[in-house]
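Just so you know, the protein sequences line up as chains R and U, in that order.
Here this note's numbering runs 56 ahead of the position in the first sequence, where the first position is 1.
Here this note's numbering runs 56 ahead of the position in the second sequence, where the first position is 1.
A virtual CB, placed ideally from N, CA and C, is assigned to each residue, including glycine.
Encoded as structure tokens, the structure appears first; notes follow it.
There are 2 protein chains.
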Amino acid sequence: MSNQLLAHFKQISSLTASSEAALALLIQTHSIPKNQDLQQIGQTCKTLYFLKKGLARIYYFQDGNDVTEGFYLPFCLIARAESLFAGMPSKKAIQVLEDAEVWSIATSDLFSLYETHRDIERLFTRMFEQAYVQTIQRIENLQFHTAEERYRLLTQDQPDVLRKAPLKFIASYLGITQVSLSRIRAKKS
Amino acid sequence: MSNQLLAHFKQISSLTASSEAALALLIQTHSIPKNQDLQQIGQTCKTLYFLKKGLARIYYFQDGNDVTEGFYLPFCLIARAESLFAGMPSKKAIQVLEDAEVWSIATSDLFSLYETHRDIERLFTRMFEQAYVQTIQRIENLQFHTAEERYRLLTQDQPDVLRKAPLKFIASYLGITQVSLSRIRAKKS
DNA sequence: AAGTTAATTTAACATTTGATAAGTGTATTT
DNA sequence: AAATACACTTATCAAATGTTAAATTAACTT
């Protein structure tokens with residue numbers, strides 16, 4: 057059932073009844089067990105995902121190290137934009153960190169709908185704009201805060217992530233080692 | 057004259073003759089002296105800029121420190137996206153680092169054209185997508201490279217910036233102090 | 001419950017980076 | 001040429017983070 061997701065979409069940008077119906081036909085639902093990859097390294101991003109339940113991350117390997125690029129909570133747009141927009145294989149994977157229920161939309165079908173349903177195009181353009189703005193804010197965060205400040209910000213902004221994700225993933229997300237993160241957590245705040 | 061800019065646009069995404077003409081009417085040109093702000097802190101971003109000649113940066117103040125968010129070479133889209141898409145005042149400014157010639161486009165006029173000229177909408181959507189992808193790549197860069205690696209990458213990717221911009225701006229762009237950058241430069245590579 | 005594995009913390013030491021201040025060089029002005 | 005301002009480098013020490021390894025805790029299996 058995609059009603060919840062469509063309701064969420066309509067909060068972002070209005071949809072006509074016909075657009076909503078057309079979009080509903082594209083939305084698939086899946087159950088994904090904990091730790092499974094939703095999309096694997098090397099695949100070109102051709103699907104958008106939204107979690108109904110659970111927690112996901114995008115990760116990749118850098119010099120043999122597992123690096124978490126981002127965490128994704130329910131109703132967030134999950135996509136490997138650098139692959140989607142360039143049409144190139146992604147070096148990143150999407151992994152579910154808990155048993156999850158997932159909505160997916162094939163971009164080929166979606167982009168076809170853009171031609172006839174401008175409100176749908178506007179909706180997704182807006183979601184990507186929001187994702188872009190969040191990425192900009194993340195750079196500000198990485199560029200001029202210490203590791204400890206970045207950790208404190210995460211505890212404020214995404215406490216759910218902190219509760220659910222293993223520390224090793226959080227450490228690489230913050231751009232530090234797990235040992236360093238452990239030290240920061242041990243400090244009285 | 058905006059011919060060069062339009063030619064650049066058409067490399068990114070095709071435009072009908074009528075769209076090209078409509079767009080040409082929106083493009084203004086300016087000459088800006090070295091060190092002047094194109095847009096100031098506190099203004100809401102309502103204009104897109106492209107350099108014909110020169111070098112620009114986006115910067116802001118963080119705890120009293122001048123932080124350079126990015127450098128922009130000729131023909132790059134320059135905009136404070138976080139302000140444009142949210143419609144909120146920006147805490148960032150756009151500054152020209154050399155005497156520059158600039159093309160500008162008012163977003164209100166541009167967005168109006170979207171209604172009637174879909175190819176124009178597609179062109180700018182694509183430019184913002186590209187900017188988004190670059191932002192994602194910058195995160196990868198900041199997240200798991202040492203300061204020295206980030207400096208080496210900059211020398212490869214944007215040697216022009218390195219030649220033209222003062223070191224203090226480059227240092228904050230790399231997320232380090234100027235002293236630290238000086239040390240890195242002093243090392244034999 | 002015992003045993004096994006994975007996750008997290010702690011410890012010890014090395015390296016990097018920051019902070020501050022002093023020094024050098026380069027334009028520019030007078 | 002002297003004086004000034006600005007950009008960049010160097011030196012010194014302190015703080016933060018990385019690296020490696022061991023110790024502890026938690027989770028999972030049997």
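| is_contact[Phe-180 (chain U), chain R] using C-beta, thresh 7 Å | For this step, residue 180 (chain U) is matched to residue 124 along the second sequence. For Phe-180 (chain U), the answer is no, since every Cβ of chain R falls outside 7 Å of its Cβ.
| request: Give the residues from the region 145-177 of chain R that approach chain U closer than 7 Å (Cβ to any Cβ), ordered along the chain. | output: none
| query | If we ignore side chains and look at the alpha-carbon of each, how far apart do Glu-204 (chain R) and Ile-240 (chain R) end up? | reply | If you number the first sequence from 1, residue 204 (chain R) lands on position 148. If you number the first sequence from 1, residue 240 (chain R) lands on position 184. So the two alpha carbons sit approximately 6 Å from each other.
| request: Pick out whichever of U:Leu-111, U:Asn-91, U:His-64 and U:Ala-80 has its Cα sitting closest to the Cα of Gln-214 (chain U). | output: Translated into positions along the second sequence, residue 214 (chain U) becomes position 158. Minimum Cα distance to Gln-214 (chain U) is reached at U:Leu-111.
| request: Assuming Ala-237 (chain U) contacts Leu-230 (chain U) (C-beta within less than 8 Å), just tell me the rounded distance between them. | output: Residue numbering aside, residue 237 (chain U) sits at position 181 when the second sequence is read from its first letter. Residue numbering aside, residue 230 (chain U) sits at position 174 when the second sequence is read from its first letter. A small fix is needed here, since residue 237 (chain U) is Leu in this sequence, not Ala. About 7 Å separates the two Cβ atoms, so the contact holds.
| query | If you draw a straight line from the alpha carbon of Met-144 (chain R) to that of Thr-100 (chain R), how long is it in whole angstroms? | reply | Start at 1 with the first residue of the first sequence, and residue 144 (chain R) comes out as number 88. Start at 1 with the first residue of the first sequence, and residue 100 (chain R) comes out as number 44. When rounded, the distance between both Cα atoms is 6 Å.
| task | Consider the Cβ of Val-217 (chain R): report whether some Cβ of chain U lies at a distance smaller than 7 Å. | result | Taking the first residue of the first sequence as position 1, residue 217 (chain R) is located at position 161. It does not; no Cβ of chain U falls within 7 Å.
| task | Taking Glu-138 (chain R) as the reference, give the member of R:Leu-179, R:Phe-184, R:Ala-77 and R:Ser-69 with the closest Cα. | result | Taking the first sequence and counting its residues from 1, the one referred to as residue 138 (chain R) is at position 82. With distances taken between Cα atoms, Glu-138 (chain R) lies closest to R:Phe-184.
| task | Could you tell me which residues DSSP puts in a beta bridge with Gly-126 (chain U)? | result | As a first step, residue 126 (chain U) is located in the second sequence; it is residue number 70 there, counting from the start. Bridge partners of Gly-126 (chain U): U:Ile-114.
| the ligand ADP heavy atom lying under 6 Å from the CB of Phe-127 (chain R) | Absence of the ligand ADP from the depicted structure is noted, as is the absence of any ligand whatsoever, leaving it without description.
| task | Taking all protein chains shown into account, decide if His-86 (chain R) is buried (16 or more other Cβ within 10 angstroms of its Cβ) or exposed. | result | To locate residue 86 (chain R), count along the first sequence from 1; it is residue 30. It is exposed - the Cβ of His-86 (chain R) has fewer than 16 other Cβ atoms within 10 Å.
| message | According to DSSP, simplified to helix, strand and coil, what is Ile-226 (chain U)? | response | Indexing the second sequence from 1 puts residue 226 (chain U) at position 170. It is helical.
| task | Inspect the beta-carbon positions of Ala-162 (chain R) and Gln-96 (chain R) and report whether they are closer than 7 Å. | result | As a working mapping, residue 162 (chain R) is identified with position 106 in the first sequence. As a working mapping, residue 96 (chain R) is identified with position 40 in the first sequence. Result no, Cβ atoms of Ala-162 (chain R) and Gln-96 (chain R) do not sit closer than 7 Å.
| field | Terminal residues of the alpha helix (DSSP H) in which Asp-175 (chain R) lies | value | Here residue 175 (chain R) refers to the residue found at position 119 when the first sequence is read from its first residue. Looking at the DSSP string, the run of the alpha helix (DSSP H) that includes Asp-175 (chain R) is 174-199.
| task | List the residues of chain U that Leu-198 (chain R) touches, going by C-beta distances under 8 Å, in chain order. | result | Within the first sequence, numbered from 1, the residue matching residue 198 (chain R) stands at position 142. Correct list: Ile-195, Leu-198, Gln-199 and Gly-231.
| query | Do you know offhand how far Gly-98 (chain R)'s Cα is from Arg-194 (chain R)'s? | reply | As a working note, residue 98 (chain R) is residue 42 in the first sequence. As a working note, residue 194 (chain R) is residue 138 in the first sequence. Taking the straight line joining both Cα atoms gives about 25 Å.
| query | Under 7 Å between the Cβ atoms of Asp-175 (chain R) and Leu-82 (chain R)? | reply | Your numbering for residue 175 (chain R) matches position 119 in the first sequence. Your numbering for residue 82 (chain R) matches position 26 in the first sequence. No, Cβ-Cβ distance for Asp-175 (chain R) and Leu-82 (chain R) is not below 7 Å.
| message | Would Tyr-105 (chain U) pass as an interface residue toward chain R - the criterion being a Cβ-Cβ separation below 7 Å? | response | Looking up residue 105 (chain U) in the second sequence gives position 49. No, Tyr-105 (chain U) does not count as interfacial toward chain R.
| said: Mapping the DSSP letters down to three states, classify Pro-145 (chain R) as helix, strand or coil. | reply: The count along the first sequence starts at 1 and reaches residue 145 (chain R) at position 89. Three-state DSSP puts Pro-145 (chain R) in a strand.
| query | Any beta-carbon of chain U closer than 7 Å to the one on Ala-137 (chain R)? | reply | For the purposes of this step, residue 137 (chain R) is taken as residue 81 along the first sequence, with counting starting at 1. True, the Cβ-Cβ gap to chain U drops below 7 Å.
| query | Is the Cβ of Tyr-128 (chain R) closer than 7 Å to any Cβ of chain U? | reply | Taking the first sequence and counting its residues from 1, one reaches residue 128 (chain R) at position 72. For Tyr-128 (chain R), the answer is no, since every Cβ of chain U falls outside 7 Å of its Cβ.
| task | Pick out whichever of U:Gln-199, U:Tyr-207 and U:Ala-242 has its Cα sitting closest to the Cα of Thr-124 (chain R). | result | Working through the first sequence from its first residue, we reach residue 124 (chain R) at position 68. Closest by alpha carbon: U:Gln-199.
| Looking at the structure shown, is Ser-58 (chain R) part of a helix, part of a strand, or coil, going by DSSP? | To locate residue 58 (chain R), count along the first sequence from 1; it is residue 2. DSSP places Ser-58 (chain R) in coil when its eight states are reduced to three.
| Taking 7 Å as the CB-CB cut-off, is Thr-191 (chain U) touching chain R? | What you label residue 191 (chain U) is simply residue 135 of the second sequence in a count that begins at 1. So yes, Thr-191 (chain U) belongs to the interface.
| field | Extent of the continuous beta strand (DSSP E) to which Asp-93 (chain R) belongs | value | Residue 93 (chain R) sits at position 37 when you count from the first residue of the first sequence. 93-95 is the extent of the beta strand (DSSP E) around Asp-93 (chain R).
| List, in order along the chain, the chain R residues whose C-beta lies closer than 8 Å to that of Tyr-188 (chain U)? | To locate residue 188 (chain U), count along the second sequence from 1; it is residue 132. The answer, in chain order, is Ala-137, Phe-141, Phe-184, Ala-187, Tyr-188 and Thr-191.
| Can you name the residues that DSSP bridges to Thr-103 (chain U)? | Counting from 1 along the second sequence, the entry for residue 103 (chain U) is found at position 47. DSSP output for Thr-103 (chain U) lists U:Ala-162 as bridge partner(s).
| query | Where do the ends of the alpha helix (DSSP H) carrying Ser-74 (chain R) lie? | reply | Mapped onto the first sequence, residue 74 (chain R) falls at position 18. Unbroken alpha helix (DSSP H) run through Ser-74 (chain R): 73-80.
| query | So which residues on chain U does Val-235 (chain R) lean against when the C-beta distance must stay under 8 Å? | reply | Residue numbering aside, residue 235 (chain R) sits at position 179 when the first sequence is read from its first letter. Per Cβ cutoff of 8 Å: no residues; Val-235 (chain R) is ~16 Å from chain U at best.
| said: On the CB-based measure, 16 or more other CB atoms within 10 Å of its CB, does Val-152 (chain R) come out buried or exposed? | reply: Against the first sequence, residue 152 (chain R) aligns to sequence position 96. Val-152 (chain R) should be labelled buried.
| Whose Cβ in chain U lies nearer than 9 Å to the Cβ of Gln-118 (chain R)? | Counting from 1 along the first sequence, the entry for residue 118 (chain R) is found at position 62. Going along chain U in sequence order, the residues near Gln-118 (chain R) (Cβ under 9 Å) are Glu-196, Gln-199, Phe-200 and His-201.
| field | Of the residues R:Phe-167, R:Leu-169 and R:Arg-178, the one placed nearest Tyr-170 (chain U), counting alpha carbons only | value | As a working mapping, residue 170 (chain U) is identified with position 114 in the second sequence. It is R:Arg-178.
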